[in-house]
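Residue numbering for the sequence shown follows our numbering, starting at 7 and increasing by one per position.
First the structure, in the form of structure tokens, and then the observations on it.
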Amino acid sequence: MCALSATLRSKPDWWCKIKDTGIMARWKKEAMEQGLGEKHVDYVLAELDDYAKLRDEATGIEVSCFDRIWQSDSLVPETMCNALKDSVRALEDVPDAQKDWHPRANGQVLDLVHPSLYPLVYERTLVHDEYGTLELAEPPSANSTTSGRFAWLPTDFAVAQDGSVTRKGYINNLHLSHSALYTTLGHIVGLFVPLFERVLMDLLPKNQFPLRVSDAYERDDDGEPEREDFASEDEYYQRYDEWHENERPIILSQPGPYASRTGPARKKKMYSLRGREFQVIIKLANIILTPEKPEYPGGSWHVEGALVQELGSVQTKAGRCVAFPNIFQHCVAPFKLVDASRAGHRKILALFLVDPTVSIPSTSVVAPQQSDWMYETLLDSSADSRLQKLPAELLKMIAEVGGHTMTREEAFEFREELMDERTRFVKATNQYGGYFGTVFNMCEH
Numbered sequence: 007m008c009a010l011s012a013t014l015r016s017k018p019d020w021w022c023k024i025k026d027t028g029i030m031a032r033w034k035k036e037a038m039e040q041g042l043g044e045k046h047v048d049y050v051l052a053e054l055d056d057y058a059k060l061r062d063e064a065t066g067i068e069v070s071c072f073d074r075i076w077q078s079d080s081l082v083p084e085t086m087c088n089a090l091k092d093s094v095r096a097l098e099d100v101p102d103a104q105k106d107w108h109p110r111a112n113g114q115v116l117d118l119v120h121p122s123l124y125p126l127v128y129e130r131t132l133v134h135d136e137y138g139t140l141e142l143a144e145p146p147s148a149n150s151t152t153s154g155r156f157a158w159l160p161t162d163f164a165v166a167q168d169g170s171v172t173r174k175g176y177i178n179n180l181h182l183s184h185s186a187l188y189t190t191l192g193h194i195v196g197l198f199v200p201l202f203e204r205v206l207m208d209l210l211p212k213n214q215f216p217l218r219v220s221d222a223y224e225r226d227d228d229g230e231p232e233r234e235d236f237a238s239e240d241e242y243y244q245r246y247d248e249w250h251e252n253e254r255p256i257i258l259s260q261p262g263p264y265a266s267r268t269g270p271a272r273k274k275k276m277y278s279l280r281g282r283e284f285q286v287i288i289k290l291a292n293i294i295l296t297p298e299k300p301e302y303p304g305g306s307w308h309v310e311g312a313l314v315q316e317l318g319s320v321q322t323k324a325g326r327c328v329a330f331p332n333i334f335q336h337c338v339a340p341f342k343l344v345d346a347s348r349a350g351h352r353k354i355l356a357l358f359l360v361d362p363t364v365s366i367p368s369t370s371v372v373a374p375q376q377s378d379w380m381y382e383t384l385l386d387s388s389a390d391s392r393l394q395k396l397p398a399e400l401l402k403m404i405a406e407v408g409g410h411t412m413t414r415e416e417a418f419e420f421r422e423e424l425m426d427e428r429t430r431f432v433k434a435t436n437q438y439g440g441y442f443g444t445v446f447n448m449c450e451h
């Protein structure tokens with residue numbers, strides 16, 4: 007039922023087509039030909055009207071492939087998209103030696119701004135406390151779902167009552183000299199606020215979703231292999247297992263009468279970020295395909311951080327904005343060049359919203375950890391200070407002293423360690439719970 011609803015709502019102007027009785031009748035006929043019962047199809051078709059009411063015409067925000075997942079194809083204007091492309095070009099057009107190809111990605115993923123580089127490292131990174139005193143970041147309390155070694159560094163934003171958004175800190179791994187990109191990213195984060203609010207609204211305990219149908223089901227015994235038809239028990243059990251896994255009919259539960267889920271009955275409590283601060287982790291990356299490497303194999307299933315559920319797929323066409331809670335796994339699905347003789351790319355801007363009820367160390371309290379940035383700052387300030395008398399080599403040593411900044415090589419090593427830690431978590435979670443082995447396809451990128 008979820009898949010049928012998502013398929014129908016992926017059609018152009020679906021919210022207009024549901025008013026055409028002829029189209030609705032054709033959809034019903036086609037759906038029933040694919041195995042769903044009449045009650046299931048009638049429920050889904052009746053539900054479309056409420057999904058249409060949830061759609062915001064001004065922003066294009068609507069429910070995506072599944073409840074709690076929202077999307078829009080018109081949230082970010084074309085002019086803003088073009089401004090983003092133009093301002094990002096300064097990060098793309100750098101010498102090959104300065105390009106940061108993501109580890110273990112076969113030279114196909116170019117990291118432009120990635121939070122795993124220069125992360126907060128507990129018991130090494132310096133953090134300003136509420137009094138302005140510098141102290142080493144302390145790891146959080148022991149928890150199987152959080153890292154006691156690393157944390158991504160978010161940027162703090164404040165939302166005024168009129169909805170305007172102000173950035174309060176730098177973006178990790180994005181030099182402040184990229185002022186145009188900072189401005190554009192700030193505008194885009196502001197545009198995402200209503201998208202964030204809808205996801206957060208859906209997560210409120212008072213806004214629980216009623217089940218379409220009971221998850222209980224029965225299995226039909228029709229066609230069950232008979233023991234006397236086989237020469238040995240091994241042959242019988244092998245055939246029985248094949249029938250049970252692949253052929254045994256499932257009797258689905260029937261949905262009850264449809265009841266509208268919109269309005270106060272559906273959303274008892276709204277969620278607003280206005281007048282509040284929130285934290286966002288920003289990532290920019292390009293997936294590059296060439297005639298030599300024309301196909302991207304896809305990423306692994308994961309949630310961000312170390313904290314899952316079977317849903318569906320979201321087509322990530324150009325300009326589409328998708329927001330979903332971190333209880334859902336996601337991955338980049340495999341894709342390839344349409345014309346294998348020409349290079350192509352997929353460019354991604356990912357915004358990771360930190361739980362607004364939880365504040366974590368951010369760039370407001372952690373200074374940039376890049377030792378080369380510190381070196382540049384010392385060089386710039388030396389003209390008006392006694393530092394001008396020091397040789398450049400000594401300034402470089404000052405920038406790296408104390409172990410609280412990182413050279414690029416150290417940052418790469420920490421990133422590898424962070425990735426290894428994450429891999430161990432995923433393997434352990436899959437081993438004991440199977441959560442990361444569920445086969446479904448929801449593409450983040």
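Ideal placement from N, C-alpha and C gives every residue a C-beta, glycine not left out.
Contact under 9 Å by Cβ, residue i with residue j
i: Val360; j: Val286; result: yes
i: Ala291; j: Leu116; result: yes
i: Asp208; j: Arg74; result: yes
i: Ala417; j: Leu384; result: no
i: Phe420; j: Pro125; result: yes
i: Asp162; j: Gly154; result: no
i: Val133; j: Val372; result: yes
i: Ile67; j: Arg280; result: no
i: Tyr277; j: Arg352; result: no
i: Gln77; j: Arg428; result: no
i: His120; j: Trp379; result: no
i: Leu295; j: Ala339; result: no
i: Asn178; j: Pro160; result: yes
i: Asp235; j: Pro255; result: no
i: Gly192; j: Val171; result: yes
i: Trp21; j: Tyr49; result: no
i: Glu283; j: Ala164; result: yes
Where residue i sits in the DSSP three-state scheme
i: Gln394; result: helix
i: Ile29; result: helix
i: Ile194; result: helix
i: Met412; result: strand
i: Phe431; result: helix
i: Ile67; result: coil
i: Lys59; result: helix
i: Ile404; result: helix
i: His184; result: coil
i: Leu54; result: helix
i: Gln376; result: strand
i: Tyr302; result: strand
i: Lys353; result: strand
i: Lys275; result: coil
i: Phe6; result: Since the displayed the chain opens at 7 and closes at 451, residue 6 lies outside it and no answer follows.
i: Lys17; result: coil
i: Phe420; result: helix
i: Phe202; result: helix
Close-in-space but distant-in-sequence residues of the same chain around residue i (CB under 7 Å, 5 per side omitted)
i: Asp55; result: Ile24
i: Gly357; result: At residue 357 the sequence reads Leu, which differs from the Gly that was named. Around Leu357: Val195, Phe198, Val286 and Ile288.
i: Leu424; result: Ser122, Pro125 and Phe156
i: Met30; result: Ile24 and Leu51
i: Phe202; result: Leu279, Ala329 and Leu359
Where residue i falls, given that 16 or more other Cβ within 10 Å makes a residue buried
i: Ala166; result: exposed
i: Gln260; result: exposed
i: Arg110; result: exposed
i: Phe215; result: exposed
i: Thr131; result: buried
i: Cys71; result: buried
i: Asp106; result: buried
i: Val69; result: buried
i: Thr27; result: exposed
i: Arg53; result: Correcting the residue identity first, residue 53 is Glu in this sequence and not Arg. When all chains shown are included, Glu53 counts as buried.
Counterpart residues of residue i in DSSP-defined beta bridges
i: Ser78; result: Cys327
i: Val133; result: Glu141
i: Val127; result: Phe156
i: Phe163; result: Arg173 and Phe284
i: Val119; result: Leu290
i: Ile257; result: Glu224
i: Phe358; result: Ile287
i: Trp107; result: Leu116
i: Leu295; result: Gly350
i: Lys342; result: Glu301
Neighbourhood of residue i by C-beta distance below 6 Å, restricted to the same chain and skipping five residues each side
i: Gly262; result: none
i: Gly269; result: Residue placement at Gly269 is flagged as unreliable, the pLDDT there being 45, under the threshold of 50; a coordinate-derived value is accordingly withheld.
i: Ser370; result: Asp162, Lys174 and Gly175
i: Ala271; result: Note that Ala271 scores 43 on pLDDT, short of 50, meaning its location in the model is unreliable; the coordinates nonetheless yield the value given after this. Same-chain partners within the cutoff: there are none.
Close beta carbons around residue i, own chain, < 8 Å, minus the five adjacent residues each side
i: Lys299; result: Asn112, Gly113 and Gln114
C-beta neighbour in chain D for residue i, strict 9 Å
i: Ser153; result: As a matter of chain content, chain D is missing from the structure shown, which is built from one protein chain.
The ligand SAM heavy atom lying under 8 Å from the CB of residue i
i: Tyr188; result: Annotation note on the ligand SAM: not contained in the displayed structure, which lists no ligands.
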